[in-house]
Amino acid sequence: RRSSSGGLNRVDKALLGDIYHRAHSVWEWGLGESTRIAHSVKVPRYAGVDSDAHYVATTRSHVDPDFGFYFADIGATAAWGVPREPGLRKSAYNYQVAPLWNEL
């Protein structure tokens, strides 16, 4: 059973919190409940990418200022950042690869 607006149940949240607590760095595709967990256990180095610019800005304002966020321009998006035009060539490339260049 879910315990919040994200997709994780209590057991999964506890497990992820334990993993993130021991992690030195975390990279995520898609911001959300796991990002808030990373913040709550004080992950020392965090980077995440999302395709919803508004959600990136909102998340940034609620977590550690040292967390790194990247907006992936995949064109217009629907709910949960799903591309409205999945056939755009920039969709897959920008979401999967472009943000990694900033981490090298």
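Numbering-wise (our numbering), the sequence shown opens with residue 532 and increments by one.
Beta carbons: idealized from backbone N, C-alpha and C, even for Gly.
Host alpha helix (DSSP H) of residue i (start-end)
| i | result |
| --- | --- |
| R541 | R541 to R553 |
| A584 | A584 to R591 |
Residue closest to residue i, alpha-carbon to alpha-carbon, out of the options
| i | options | result |
| --- | --- | --- |
| P596 | S565, S556, Y577 and A554 | Y577 |
| V587 | P575, W611 and A545 | W611 |
| G538 | S565, W560 and G548 | S565 |
| F598 | R567, L546, I550 and D549 | R567 |
| D583 | L546, V572, L631 and F602 | F602 |
| S571 | H585, A554, L631 and D581 | A554 |
Buried or exposed by the 16-neighbour rule on C-beta atoms within 10 Å, applied to residue i
| i | result |
| --- | --- |
| N540 | exposed |
| V542 | exposed |
| K544 | buried |
| S556 | exposed |
| Y624 | exposed |
| V574 | buried |
| D604 | exposed |
| L562 | buried |
Range covered by the beta strand (DSSP E) that runs through residue i
| i | result |
| --- | --- |
| S565 | Unbroken run through S565 is the alpha helix (DSSP H), E564 to S571; no beta strand (DSSP E). |
| F602 | G599 to F602 |
| G579 | R576 to D581 |
| E559 | S556 to W560 |
Contact between the stretch 609-626 and the stretch 587-595: three or more CB pairs below 8 Å? The stretch 609-626 vs the stretch 587-595: no contact.
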